[in-house]
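Enquirer: In the working numbering, the protein residues as written are 65 to 941. Idealized CB from N, CA, C, for every residue including glycine.
#1: Does the segment 879 to 898 come close enough to the segment 912 to 926 that 3 or more CB-CB pairs lie under 8 Å?
#2: Measure the C-alpha to C-alpha separation of residue 123 and residue 116 and round it to an integer number of angstroms.
#3: Identify the continuous alpha helix (DSSP H) that holds residue 691 and give its terminal residues.
#4: So who's on the other strand from residue 236, going by DSSP bridges?
#5: If we ignore side chains and look at the alpha-carbon of each, how far apart do residue 514 and residue 378 end up?
#6: Please look up how many angstroms separate the CB atoms of residue 628 and residue 641, rounded, as I've assumed it's under 8 Å.
#7: Within its chain, find whatever has a CB closer than 7 Å to the CB of residue 579; leave out the 5 residues flanking it on each side and keep chain order.
#8: From the DSSP output, read off the bridge partner residues of residue 396.
#9: Confirm, please, whether the CB-CB distance from residue 413 to residue 216 is below 8 Å.
#10: With 16 other CB atoms within 10 Å as the buried threshold, where does residue 537 fall?
#11: Grab the span of the beta strand (DSSP E) containing residue 139 for me, first residue to last.
#12: Measuring only the C-alpha atoms, how far is residue 240 from residue 172?
#13: In three-state terms, what does DSSP make of residue 293?
#14: Take the Cβ of residue 771 as the centre, count every other Cβ of all protein chains shown within 10 Å, and call the residue buried at 16 or more, exposed below.
#15: What is the DSSP secondary structure of residue 467, counted as helix, strand or coil?
#16: Have a look at residue 256 and residue 387 and give me their C-alpha separation to the nearest angstrom.
#17: Between the Cα of residue 315 and the Cα atoms of 390, 498, 381, which residue gives the shortest distance?
#18: Within its chain, find whatever has a CB closer than 7 Å to the CB of residue 91; leave out the 5 residues flanking it on each side and keep chain order.
#19: Is it the case that the Cβ atoms of residue 233 and residue 425 are separated by a distance below 8 Å?
#20: Return helix, strand or coil for residue 259, following the three-state DSSP convention.
#21: Of all the options 912, 148, 162, which has the alpha carbon lying nearest to the alpha carbon of residue 468?
#22: What's the C-alpha gap between residue 151 and residue 205?
#23: Closer than 8 Å is the cut-off here; do at least three beta carbon pairs connect the segment 300 to 313 with the segment 367 to 377?
#24: Using 8 Å as the threshold, is the segment 159 to 175 in touch with the segment 89 to 109, meaning 3 or more CB pairs across them?
#25: Give me the Cα-Cα distance between residue 776 and residue 89, rounded to the nearest whole angstrom.
#26: Assuming contact is defined by CB atoms lying nearer than 8 Å, are residue 858 and residue 803 in contact in what I supplied?
#27: To the nearest angstrom, how far is the alpha carbon of residue 519 from that of residue 491?
#28: Using the three-state DSSP reduction, which class does residue 275 fall into: helix, strand or coil?
#29: Might you give, ordered along the chain, the residues of its own chain that have their beta carbon closer than 7 Å to the beta carbon of residue 130, omitting 5 neighbours on each side?
#30: Taking the alpha-carbon of residue 302 as reference, which of 805, 333, 571, 720 has the nearest alpha-carbon?
#31: Please classify residue 908: does DSSP put it in a helix, a strand, or coil?
#32: Applying the criterion that 16 or more other CB atoms from any shown protein chain within 10 Å of the CB defines a buried residue, is residue 376 buried or exposed?
#33: Near residue 67, what residues of its chain come up, given a Cβ to Cβ distance below 8 Å and the 5 sequence neighbours on each side ignored?
#34: Counting only the same chain and skipping the five closest in sequence on each side, list residues whose C-beta sits under 6 Å from that of residue 712.
#35: Out of 227, 625, 327, point me to the one whose CA is closest to residue 951's CA.
#36: Name the two residues that bound the continuous alpha helix (DSSP H) containing residue 822.
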């Protein structure tokens, strides 16, 4: 079949993806081969493909395709995450647009809407991944709230509760006033903000002099919740306040002054207002000194009845108003500019509120003790390893995980409250009723008497089980698939979820399988634009991945992403990289068309230049293939791609094909042609993991293939032998050829004009004469003691080569050209000398600048000398 003159991704990509699906080439079942397992970081079920997904899934696909070609049983499991906060927010917004409030619905009514939304939008992102070429086993597609995964989550909750690792209690949590739910510490993003420090006056009760203590605070709106003032017992400037009581400004509540060395003497005035319900450190002081706790906020961030003032106003509106009111009352000493870190909800981007709340928690020290050593000992490897320190820091400062969320979309907490207090924990209603009867001794209890906890579990409580639950390891421990596929091989993810997901999967792996969930973690960088800004919808600097694929083809986009993607470092993405990828596709296509267009002569002898070329490229390809294997082993995928790219573009296309190309209208010998097809086959194998579509298309075009055959499952078999000396020598040959070509260009000598090459002294690469002769159109290569008069010469290493010009050039025109260049250089030199003779410049300029000028002088003088010699030689000739 004749190849089209230009590569068209649109004609190729859909066709081969469907072929792979039809022939089940992505599917995996346990067998006798070595497994290679990857589980997808599950994207949000209602999400769409963005550049981060593109990078992450391209890397996974490269690793999976490479493993498949190595003969491993590659299993890439896809799936999506139910994303409690994000999805519930989308459903709430959709309902609001229809005039429906969540509070108007029952839980079951709301969940019907949520499932309808999920059914409509869920899975879009997985379909989009097919456009990228992702070779997932789609028959294994999972969802964190499907039946198996849900059953797994509830079983684990019950198990951990029965082990004493899950508990319920009132604790200070991070509260999201927009999503109306608690968050874990890891879901809070701290941003530096420029605000104010407010100096508030607290009058001392009964003080005859009417003195007051001054408190510096960034949050004057919380004074309605103050229940004490605290000073450091070792602070001499505030010693006069010991044993006193003060009056909260505007509120007029009398509160005690307590002493604790927690207070920083140097911060502000050394006096601290204590608001136990609204600050985690104040809460600890409140526990320690048995202080009352006044919660002044409603769940949505407005002030509650308990505040007594500003009831119903938003917390930030109160901050503005209370400043004015304090000032008017003479209770605001001053304000000053102040920069501090403020916690924001990762999901809704609103300022979080520390809040006392009844929540469910998981004790984490037990898990950290198991999960830290394997990473620090490199049993489980991080790439790049710098993230081990991040991991260790978090593990060594672990806090209990708040696992409950005040949402309806998610796994409902399997705790059931009893009619007369207390609760039971069970994974099914039937089990809960049985336990309730046992606990109460009341055999007449029915499910109607029990009330299940309204909250649901943190989304990460399902995804931390992902590598186990995908193979049903929780519900059916030790089943055939979990034994075969677990532990998985490589995890590819972003460092921003090292705590949320990576660490917790490691914990769950050791708790439920007694071993790591994966052997290696490859951390990708963040995709940024060419200005270094993180790509985001709000900045409008993130291209639509599907539009990029339409414009440049999936292979072009994959290559563009990977050329800029060293492990763990941020990716400065530019559309020009995708254009480079598309151009490379065209280069591959055209090289293949060139080869397939040659006529083959079965009886022709192999020319010497072709024999040398075949021997050289075989060694070069083996050398690069070994380098690529080594780079894959180190997860340096960007460098591996660059090595194959250079092998194809520079060595194969620019050198090898030129060396063996038959003269116009002539045939190529069979031996060289077959070797060339073999090299092309090997190159397609090396390129396939990076560029699956064009390589499959060309591999199928190489010869007749059986239906169901695919490059994807075709092994790359290369000899490990490399003739190192031969390869090194050929680098010298390339330099000689390049210099001769430069002379042709500079002297404007047509390619059809044969040249002579003189080697002065010993010829270092005499065995390559046939190659040099062909590539440069030489009439002869001679070894001489001295070069011809007027010859253009160049050095390669310590050997001088010369090209006698004779009648090849227009002597007068060449003399005129060189004289014009000489005049220009002499003028340039005069400018440099003038500058260097200026004492003011020499005395005041930095040494480095003067050195640069002296270098310019030296270079100019050298060129002038050379030009004068060349002009003299030409005039003499």
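Expert: In short, the structure shows the following:
#1: Cβ pair count under 8 Å is three or more, so yes.
#2: Mapped onto the chain shown, residue 123 falls at position 59. Mapped onto the chain shown, residue 116 falls at position 52. If you take the alpha carbons of residue 123 and residue 116, they lie about 11 Å apart.
#3: By one-based count along the chain shown, residue 691 stands at place 627. Here the alpha helix (DSSP H) through residue 691 covers 672 to 697.
#4: Translated into positions along the chain shown, residue 236 becomes position 172. Among the bridge pairs identified by DSSP, residue 236 is matched with 420.
#5: The sequence position of residue 514 within the chain shown is 450, counting from 1. The sequence position of residue 378 within the chain shown is 314, counting from 1. Approximately 37 Å between the Cα atoms of the pair.
#6: As a first step, residue 628 is located in the chain shown; it is residue number 564 there, counting from the start. As a first step, residue 641 is located in the chain shown; it is residue number 577 there, counting from the start. So it is a contact: roughly 6 Å between Cβ atoms.
#7: Counting from one through the chain shown, the residue named residue 579 turns up at place 515. Here the set comprises 551, 573.
#8: By 1-based counting over the chain shown, the position of residue 396 is 332. DSSP links residue 396 through a beta bridge to 264.
#9: As a working note, residue 216 is residue 152 in the chain shown. As a working note, residue 413 is residue 349 in the chain shown. Using a Cβ distance threshold of 8 Å, residue 216 and residue 413 do not count as a contacting pair.
#10: Taking the first residue of the chain shown as position 1, residue 537 is located at position 473. Around the beta carbon of residue 537, a 10 Å sphere encloses 16 or more other beta carbons of the protein chains shown; the residue is thus reported as buried.
#11: Along the chain shown, read from residue 1 onward, the residue named residue 139 stands at position 75. The continuous beta strand (DSSP E) containing residue 139 extends over residues 137 to 141.
#12: Walking along the chain shown from the start, residue 240 turns up at place 176. Walking along the chain shown from the start, residue 172 turns up at place 108. Spanning the two alpha carbons is a distance of roughly 24 Å.
#13: If you number the chain shown from 1, residue 293 lands on position 229. Residue state, collapsed to three classes: strand.
#14: Residue numbering aside, residue 771 sits at position 707 when the chain shown is read from its first letter. Answer is exposed; the Cβ neighbour count stays below 16.
#15: To locate residue 467, count along the chain shown from 1; it is residue 403. It is coil, neither helix nor strand.
#16: On the chain shown, position 192 is the one that residue 256 refers to. On the chain shown, position 323 is the one that residue 387 refers to. Near 22 Å, if we compare the C-alpha coordinates of residue 387 and residue 256.
#17: The count along the chain shown starts at 1 and reaches residue 315 at position 251. When 390, 498, 381 are compared, the shortest CA-CA separation from residue 315 is found for 390.
#18: Here residue 91 refers to the residue found at position 27 of the chain shown. Excluding residues within five positions, the ones whose Cβ falls inside 7 Å are 201, 203.
#19: Locating residue 233 in the chain shown gives position 169, where the first residue counts as 1. Locating residue 425 in the chain shown gives position 361, where the first residue counts as 1. In this structure, the beta-carbon distance from residue 233 to residue 425 falls below 8 Å.
#20: The residue given as residue 259 occupies position 195 in the chain shown. Here residue 259 carries a strand assignment [DSSP, helix/strand/coil].
#21: Here residue 468 refers to the residue found at position 404 of the chain shown. Of the listed residues, the one whose Cα sits closest to residue 468 is 148.
#22: Locating residue 151 in the chain shown gives position 87, where the first residue counts as 1. Locating residue 205 in the chain shown gives position 141, where the first residue counts as 1. If you take the alpha carbons of residue 151 and residue 205, they lie about 19 Å apart.
#23: No: the two stretches stay apart, fewer than three of their Cβ pairs being nearer than 8 Å.
#24: Three or more Cβ pairs closer than 8 Å define a contact, and the segment 159 to 175 falls short of that threshold against the segment 89 to 109.
#25: Translated into the one-based positions of the chain shown, residue 776 becomes position 712. Translated into the one-based positions of the chain shown, residue 89 becomes position 25. For residue 776 and residue 89, the distance between alpha carbons rounds to 8 Å.
#26: Along the chain shown, read from residue 1 onward, the residue named residue 858 stands at position 794. Along the chain shown, read from residue 1 onward, the residue named residue 803 stands at position 739. Going by C-beta atoms, residue 858 is nearer than 8 Å to residue 803.
#27: Stepping through the chain shown from its first residue, residue 519 is reached at position 455. Stepping through the chain shown from its first residue, residue 491 is reached at position 427. Distance between the alpha carbons of residue 519 and residue 491: 15 Å.
#28: Here residue 275 refers to the residue found at position 211 when the chain shown is read from its first residue. If DSSP states are grouped into helix, strand and coil, residue 275 belongs with coil.
#29: In the chain shown, counting from the first residue as 1, residue 130 sits at position 66. Here residue 130 has 696, 753 as same chain residues with Cβ atoms under 7 Å from its own Cβ, once five neighbours each way along the sequence are excluded.
#30: As a first step, residue 302 is located in the chain shown; it is residue number 238 there, counting from the start. The residue with the shortest Cα to Cα distance from residue 302 is 333.
#31: Along the chain shown, one-based indexing puts residue 908 at 844. Correct three-state label for residue 908: helix.
#32: Taking the first residue of the chain shown as 1, we reach residue 376 at position 312. Exposed, because fewer than 16 other Cβ atoms sit within 10 Å of the Cβ of residue 376.
#33: Stepping through the chain shown from its first residue, residue 67 is reached at position 3. If we look at residue 67 and ignore the five residues flanking it on each side, its Cβ neighbours are 653, 656, 657, 660, 765.
#34: Along the chain shown, one-based indexing puts residue 712 at 648. Correct list, in chain order: 747.
#35: In the structure as shown, the chain starts at 65 and stops at 941, and residue 951 therefore has no counterpart that could be examined.
#36: Working through the chain shown from its first residue, we reach residue 822 at position 758. Unbroken run through residue 822 is the beta strand (DSSP E), 819 to 824; no alpha helix (DSSP H).
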